[in-house]
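Structure record follows, encoded as structure tokens.
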Amino acid sequence: MAKHIFVTGGVVSSLGKGLTSASIGMLLEKRGLSVRMQKLDPYINVDPGTMSPYQHGEVYVLDDGSETDLDLGHYERFTGSPLTRDSNYTTGQIYQSVINKERRGEFLGKTVQVIPHITNEIKGVIERIAETKATDDPTERPVDVVITEIGGTVGDIESLPFMEAIRQFAIEKGKQECLFIHLTLVPYLKAARELKTKPTQHSVGLLRQIGIQPDVLVCRTEQPISREDREKIALFCNVSLEAVIEERDKDFSIYEVPLSLLDNRLDSLICDRLGLKTPDPNLSDWHELLQRLRNPSHEVSIAVVGKYAEHRDAYKSIYEAIDHAGIAHRAQIRVGRIRSEDVEAEGPERLLSGYDGILVPGGFGERGIEGKVQAIRFAREKGIPFFGICLGMQCAVVEFARHVVGLEGAHSTEFDKDTPDPVICLLDEQRNVVDMGGTMRLGAQPTRLEPGSEAAKCYGSSDISERHRHRYEFNNCYRSRFNAHGMRITGTSPDDALVEVVEVPDHPWFLAVQYHPEFKSKPTAAQPLFAGFVGAAVQHRMKKRANASAEGTPAAEEQPTTPS
Ligand code: GLN
1 MAKHIFVTGG VVSSLGKGLT SASIGMLLEK RGLSVRMQKL DPYINVDPGT
51 MSPYQHGEVY VLDDGSETDL DLGHYERFTG SPLTRDSNYT TGQIYQSVIN
101 KERRGEFLGK TVQVIPHITN EIKGVIERIA ETKATDDPTE RPVDVVITEI
151 GGTVGDIESL PFMEAIRQFA IEKGKQECLF IHLTLVPYLK AARELKTKPT
201 QHSVGLLRQI GIQPDVLVCR TEQPISREDR EKIALFCNVS LEAVIEERDK
251 DFSIYEVPLS LLDNRLDSLI CDRLGLKTPD PNLSDWHELL QRLRNPSHEV
301 SIAVVGKYAE HRDAYKSIYE AIDHAGIAHR AQIRVGRIRS EDVEAEGPER
351 LLSGYDGILV PGGFGERGIE GKVQAIRFAR EKGIPFFGIC LGMQCAVVEF
401 ARHVVGLEGA HSTEFDKDTP DPVICLLDEQ RNVVDMGGTM RLGAQPTRLE
451 PGSEAAKCYG SSDISERHRH RYEFNNCYRS RFNAHGMRIT GTSPDDALVE
501 VVEVPDHPWF LAVQYHPEFK SKPTAAQPLF AGFVGAAVQH RMKKRANASA
551 EGTPAAEEQP TTPS
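Counting from 1, one number per residue, gives the positions in the sequence shown under full-length UniProt numbering.
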């Protein structure tokens, strides 16, 4: 029978509960355990698919097409735990399911209430992830540990039913089968030159009012926590001293977090408490990746030109995938977050000169589109490596149509319904869609790559599968014209109906994809196209250096990019 770990958060939001949960998952996996990860989100949206990136950061898409919370990205990057629709539930989904049951008459005339109906539904989804096979693989191992992260902060009205459900769950399963980990903040007060434990005491107090006594406290802190302070926290929060774990801020990399939890013996504590007998974890691959991060051989700069550039979480997986490619190439990457509207206002020359690669990510809505088109034109004409993703590919197609194929008014019908040349448009199956939630082309789908293309070279294969999240597609009527002008279609769906990858071979590296490769990148295994793109950026930088030294110009980095 699977053991359960519940991770809750207190004091403030954004403490990195997702990262901590993912790190715990990884440490347990490295001890040979089979782990499943799950996030329960207290908001009422059925999924984050309809939420603005300003509200909620990126929407993380799984193979099965579910649109989930970005913490699931941490889970996938840190662990091998298979993620499915069962890995993320929201209050909206829980209520929707209970209301559907009520409409079907399944409650036999009873009054439907938060306790027991909503809490039973929540307990059901926790149980389900432990019992359901995640794959068709008959050799799939039974689950040893389920880690369920509860979104929000203790004390929120919205999270109460979830807290109540996990309290009941632990009573029903037996205390020894479950472990409550509470993540809290131990702030440092500069004026007093002291760490303050009171917020943690209050937060644990709130949890205990709900009936949950945490077993372990993970304390986020800027400064080391003294033994005295740990003793104080232990005493006031009713936990043992060894269960007060320090999690100090990591300035260098988030990939240090698991190692810091390991140093503080969190994984062995969890195994002891849950009666799991396992060998010590082997983290050699993780040490190796940190060693690579710390000792780069190259330096490159990549501009990410998007609508939500100022919002760090909006392109989370893109930034992570760039970092992974940097690790693979031992390249230290400076990422410039450029607002596409600023490119419109100030021109690409001023904002983008000097970058070794330009990436235009996915997105929705018209704002900043022309800035993206200008950025892509700049990359294409100046020979700067370019990588377009989803909307980024659609903009690359529009740019090429306008400035190379000669279709001046070309556009995507998402932004101009009456364009004379709808190079990006809706397919018939999307035309009559009314609901906004969950109705896009979603999830993993196969792509066939042209042998010998840059894409096929990067993947080392012609048959790949990547995740999608979009409505609009390349308009097939234009394929031959693009080909004739030098933009090649090098990846399509296996039936050749949908364009997946375009390339401009007469350019150092110009590749754009309709899917979202960033969701499958891992720190220990960079996504192949990101690796290819960053590799091209490294080459670009070296060429610039060589040109500069041939011309006797110092400080190549400060020079604007020279036209190729
Ligand atoms: N807005 C575009 C579409 O719906 C692109 C979506 C995206 O970039 N994820 O097709």
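Heads up, the beta-carbon is just placed ideally off N, CA and C, and yes, glycines get one too.
Residues bridged to residue i [DSSP beta-bridge criterion]
i: Cys-178; result: His-4
i: Val-499; result: Thr-492
i: Glu-149; result: Val-7 and Lys-39
i: Arg-337; result: Val-304
i: Gln-332; result: Glu-299
i: Val-360; result: Gly-388
i: Phe-474; result: Ile-424
i: Leu-195; result: Tyr-188
i: Val-352; result: Correcting the residue identity first, residue 352 is Leu in this sequence and not Val. Per DSSP, none; premise fails for Leu-352.
i: Lys-522; result: Ala-525
i: Leu-160; result: DSSP output for Leu-160 lists no bridge partner at all.
Whole-number beta carbon distance between residue j and residue i, since they are thought to touch under 8 angstroms
i: Arg-230; j: Val-244; result: 4 angstroms
i: Pro-281; j: Leu-27; result: 6 angstroms
i: Leu-185; j: Arg-220; result: 5 angstroms
i: Val-300; j: Arg-541; result: 5 angstroms
i: Arg-248; j: Ser-260; result: 6 angstroms
i: Glu-344; j: Glu-370; result: 5 angstroms
i: Gly-18; j: Lys-316; result: Contact flag wrong, Cβ pair sits at about 10 angstroms.
i: Glu-500; j: Ser-453; result: Rounded, the Cβ-Cβ distance is 11 angstroms, inconsistent with contact.
i: Leu-289; j: Tyr-255; result: 6 angstroms
i: Leu-442; j: Val-61; result: 6 angstroms
i: Val-398; j: Val-360; result: 11 angstroms between Cβ atoms; not a contact.
i: Val-216; j: Ile-181; result: 5 angstroms
i: Leu-276; j: Lys-30; result: That pair is no contact at about 13 angstroms.
Proximal residues to residue i (C-beta, below 7 angstroms), its chain only, five neighbours per side dropped
i: Lys-101; result: Phe-107
i: Gly-25; result: Val-35, Met-37, Tyr-75, Phe-78, Thr-79, Ser-81 and Ile-147
i: Gly-406; result: none
i: Lys-522; result: Arg-77 and His-324
i: Tyr-355; result: Ser-301, Ile-302, Ala-303, Gly-336 and Ile-384
i: Gly-409; result: Thr-419, Pro-420 and Asp-421
i: residue 596; result: This structure leaves residue 596 out entirely; the chain is present only between 1 and 564.
Three-way DSSP call (helix, strand, coil) for residue i in this model
i: Met-440; result: coil
i: Ala-556; result: At Ala-556 the pLDDT is 45, less than 50, meaning the model places this residue with poor confidence; the figure from the coordinates comes in the next sentence. Correct three-state label for Ala-556: helix.
i: Val-398; result: helix
i: Ala-309; result: coil
i: Tyr-459; result: helix
i: Leu-15; result: coil
i: Leu-511; result: strand
i: Pro-422; result: strand
i: Gln-527; result: coil
i: Leu-27; result: helix
i: Glu-466; result: strand
i: Leu-293; result: helix
i: Tyr-315; result: coil
i: Glu-408; result: coil
i: Thr-413; result: coil
i: Leu-33; result: coil
i: Pro-446; result: strand
Own chain residues within Cβ distance below 6 angstroms of residue i, not counting five before or after
i: Glu-464; result: Looking at the sequence itself, residue 464 is Ile, so the reference to Glu does not match. The answer, listed in chain order, is Thr-447.
i: Lys-520; result: Gln-527
i: Cys-458; result: Pro-528, Leu-529 and Gly-532
i: Leu-189; result: Lys-196
i: Glu-177; result: Lys-3
i: Gly-396; result: Sequence inspection shows Ala at residue 396; the Gly mentioned does not correspond to that position. Cβ neighbours of Ala-396 beyond the five flanking positions: Ile-376, Gly-388 and Ala-512.
i: Val-114; result: Pro-161
i: Ala-444; result: Asp-63, Ser-465 and Arg-467
i: residue 602; result: Not covered by the structure: residue 602. The range shown for the chain is 1 to 564.
i: Phe-386; result: Ile-358, Ala-379 and Phe-510
i: Glu-164; result: Thr-119
Residues of its chain near residue i, where Cβ-Cβ distance is below 8 angstroms and the 5 sequence neighbours each way are ignored
i: Gly-32; result: Thr-278 and Pro-279
i: Gly-92; result: Tyr-43, Ile-44, Asn-45, Val-46 and Asp-47
i: Glu-551; result: none
i: Ser-23; result: Phe-78, Val-257, Pro-258 and Leu-261
i: Asn-295; result: Arg-330
i: Glu-310; result: Arg-337 and Arg-339
i: residue 570; result: Because the chain spans 1 through 564 in this model, residue 570 falls outside it and cannot be assessed.
i: Tyr-54; result: Tyr-308, His-311 and Ala-314
i: Lys-250; result: Glu-256, Val-257 and Ser-260
Chain B within 7 angstroms of residue i, Cβ atoms only
i: Thr-50; result: Absent here is chain B; the protein component of the structure consists of one chain.
Contiguous beta strand (DSSP E) assignments of at least 3 residues, all confined to the region 202–289: Along the region 202–289, the beta strand (DSSP E) occurs as fully enclosed runs of 3 or more residues at 216–221 and 244–248, listed in sequence order.
Quick one: complete alpha helix (DSSP H) runs, 4+ long, within the region 58–142? Counting only runs of 4 or more, we get 71–78, 91–103 and 119–131.
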